[in-house]
Ligand code: PBG
């Protein structure tokens, strides 16, 4: 006798308790890094127009905010400095000058919040009068001369207390170069989260508003990756792994979930994804217009990034997520 048992997948969706039992992916505040913006001065908390709910803080207001964030369970931040035009030059010298407001703020954060994981960005753009991530010579972004500047910047950030350095510049060989500089100076415990597969994306627009760091000419296509390419991400991941990266990052996240999965399938290092400014701004704009439910859209986005294979998510939603879960 043969009979067929009807498959009824809906049985596993019939109650909240059963749905929770079979839920495959969860996002926790432990997975999140909160990118934050710092400006010189004191008493500043100014909203980034294209990123509602995200502010540029001065060091004093940042420290107050960090009290709230750590109380909410946030354990990691990535701090980006906004420099006045007058401080920028071709060589990004302000990025490694001692005792800048940024390096002092890193020290203050570490002193006041020793348990917080403090990440920094290694790239020339916020300090460069050209607004590029690398050194410009005759209209070209020159690779190897940039490495020397990145090495000095990385060292200055490590000396100021950064726990994780995020080279976001996409120069060839920078992970290995920075690793050597750090090790030679005794900073063997400072981690590198490499922006491994960083694409030349339209979704960075609001971030460049926040830092006034848009390129002054041209675009970033000779160093950031072509959005059309998947296999090339494997080349970058191979290089970063062999050069000593501790994390491999994909950026942006949402339009590149397949790349996150690809790296997760092929590499053993923890995979991170950067849920970038434009992805945040889209949800905020639609929610403010009443066109979608912002909280649900946020949760679904973060879940999708985790499900694709990212263990770590850099996201401007970190505080809101923590508040929602609190
Ligand atoms: C700097 C840098 C950028 C971002 C992180 N680091 C901008 C860029 O490459 O132009 C983007 C972050 C975001 O959009 O949220 N190299």
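Numbering (this note's numbering), first residue to last: 47 to 372. The beta carbon of each residue, even a glycine, is placed where N, CA and C say it ideally should be. Bear in mind the structure is a predicted one, so any value in this text is a computation, not a measurement.
Residue-chain proximity (residue i, chain D), Cβ-Cβ < 9 angstroms
{"i": "residue 218", "result": "Among the protein chains of the structure shown there is no chain D, as only one such chain exists."}
Nonlocal neighbours in the same chain, by C-beta distance under 6 angstroms from residue i, ignoring five residues either side
{"i": "residue 182", "result": "176"}
{"i": "residue 302", "result": "296"}
{"i": "residue 310", "result": "317, 355"}
{"i": "residue 253", "result": "323"}
{"i": "residue 86", "result": "147"}
{"i": "residue 363", "result": "344"}
Contacts around residue i, its chain only, beta-carbon distance under 7 angstroms, and the 5 residues preceding and following it disregarded
{"i": "residue 320", "result": "295, 297, 298, 299, 360"}
{"i": "residue 62", "result": "none"}
{"i": "residue 65", "result": "59"}
{"i": "residue 288", "result": "none"}
Secondary structure of residue i, DSSP reduced to three states
{"i": "residue 180", "result": "coil"}
{"i": "residue 79", "result": "strand"}
{"i": "residue 52", "result": "coil"}
{"i": "residue 246", "result": "coil"}
{"i": "residue 102", "result": "strand"}
{"i": "residue 95", "result": "coil"}
{"i": "residue 172", "result": "helix"}
{"i": "residue 350", "result": "helix"}
{"i": "residue 116", "result": "helix"}
{"i": "residue 367", "result": "helix"}
{"i": "residue 206", "result": "coil"}
{"i": "residue 329", "result": "helix"}
{"i": "residue 188", "result": "strand"}
{"i": "residue 126", "result": "strand"}
Integer-rounded CB distance, given that residue j should sit under 8 angstroms from residue i
{"i": "residue 103", "j": "residue 94", "result": "Not confirmed; about 11 angstroms, so no contact."}
{"i": "residue 293", "j": "residue 239", "result": "4 angstroms"}
{"i": "residue 135", "j": "residue 269", "result": "At roughly 20 angstroms, the Cβ-Cβ gap does not stay under 8 angstroms, so residue 135 and residue 269 are not in contact."}
{"i": "residue 162", "j": "residue 201", "result": "Their Cβ separation, rounded to whole angstroms, is 21 angstroms, which puts residue 162 and residue 201 out of contact at 8 angstroms."}
{"i": "residue 210", "j": "residue 168", "result": "With a Cβ gap of about 10 angstroms, residue 210 and residue 168 do not count as contacting."}
{"i": "residue 166", "j": "residue 212", "result": "7 angstroms"}
With 16 other Cβ atoms within 10 Å as the buried cut-off, status of residue i
{"i": "residue 59", "result": "exposed"}
{"i": "residue 346", "result": "exposed"}
{"i": "residue 174", "result": "buried"}
{"i": "residue 233", "result": "buried"}
{"i": "residue 286", "result": "buried"}
{"i": "residue 230", "result": "exposed"}
{"i": "residue 140", "result": "buried"}
{"i": "residue 367", "result": "buried"}
{"i": "residue 68", "result": "exposed"}
{"i": "residue 84", "result": "buried"}
{"i": "residue 284", "result": "exposed"}
{"i": "residue 185", "result": "exposed"}
{"i": "residue 114", "result": "exposed"}
{"i": "residue 52", "result": "exposed"}
{"i": "residue 308", "result": "buried"}
{"i": "residue 340", "result": "buried"}
Residues of its chain near residue i, where Cβ-Cβ distance is below 8 angstroms and the 5 sequence neighbours each way are ignored
{"i": "residue 195", "result": "137, 138, 141, 142, 170, 181"}
{"i": "residue 118", "result": "75, 365, 368, 369, 372"}
Check: residue i C-beta below 8 angstroms from any heavy atom of ligand 3
{"i": "residue 273", "result": "In the structure on display, ligand 3 does not appear, and the ligands it does have are ligand 1."}
Query raised in the report: At which residue ranges does the stretch 265-321 contain complete beta strand (DSSP E) runs of 3 or more residues, listed in the order of the chain?
Result: 293-297, 317-321
**Report entry** Entirely enclosed beta strand (DSSP E) segments - the stretch 140-164, minimum 3 residues
**Finding:** none
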